[in-house]
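Notes follow once the structure below has been shown.
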Amino acid sequence: MFEERCINYGGINISDEIDLKRTALIIVDPQNDFLSEEGVVWDLVGDGVKETKVVEHLVELKATAKDVGLPVFYSPHYYSDEEFEN
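Position one of the sequence shown corresponds to residue 1 (UniProt numbering), numbered consecutively onward.
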């Protein structure tokens, strides 16, 4: 049921018992408007995104999850037109 794994993420070894049947990576709301140089708010957040290597870390997390057989789920966030009217 549990499998002993040593996961190396960003040069840090994470060793723990992981129930692979009950574990997944959930990435919450990775919007291009925040993470892409073409995004509408890049001028506001771009320096921080680059400095903290957000995109690189997301790519590495996803690759690590794939390497150890974890499913990856994305939880998008949406706004309706009515939310922007006021």
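The beta carbon of each residue, even a glycine, is placed where N, CA and C say it ideally should be.
Check whether the Cβ atoms of residue i and residue j sit closer than 8 Å, and answer yes or no.
i: ASP47; j: GLY39; result: no
i: ALA63; j: LEU25; result: no
What separation, rounded to the nearest whole angstrom, lies between the Cα atoms of residue i and residue j?
i: PHE2; j: GLN31; result: Low per-residue confidence applies at PHE2: pLDDT is 45, beneath 50, and the placement is therefore not dependable enough to give any value.
i: VAL59; j: LEU35; result: 12 Å
i: THR52; j: LEU61; result: 14 Å
i: PRO76; j: ILE27; result: 9 Å
i: TRP42; j: SER80; result: 22 Å
i: GLU82; j: VAL49; result: 29 Å
i: PHE73; j: ASP29; result: 10 Å
Helix, strand or coil for residue i, going by three-state DSSP, please let me know.
i: LEU70; result: coil
i: VAL59; result: helix
i: LEU44; result: helix
i: LEU35; result: helix
Got a sec? Which residues, its chain only, sit under 7 Å from residue i by beta carbon, not counting five neighbours each side?
i: VAL45; result: PHE34
Can you list, in chain order, the residues of its chain with a C-beta nearer than 8 Å to that of residue i? Leave out the 5 residues immediately preceding and following it.
i: VAL55; result: LEU35 and VAL49
i: GLU37; result: GLY46
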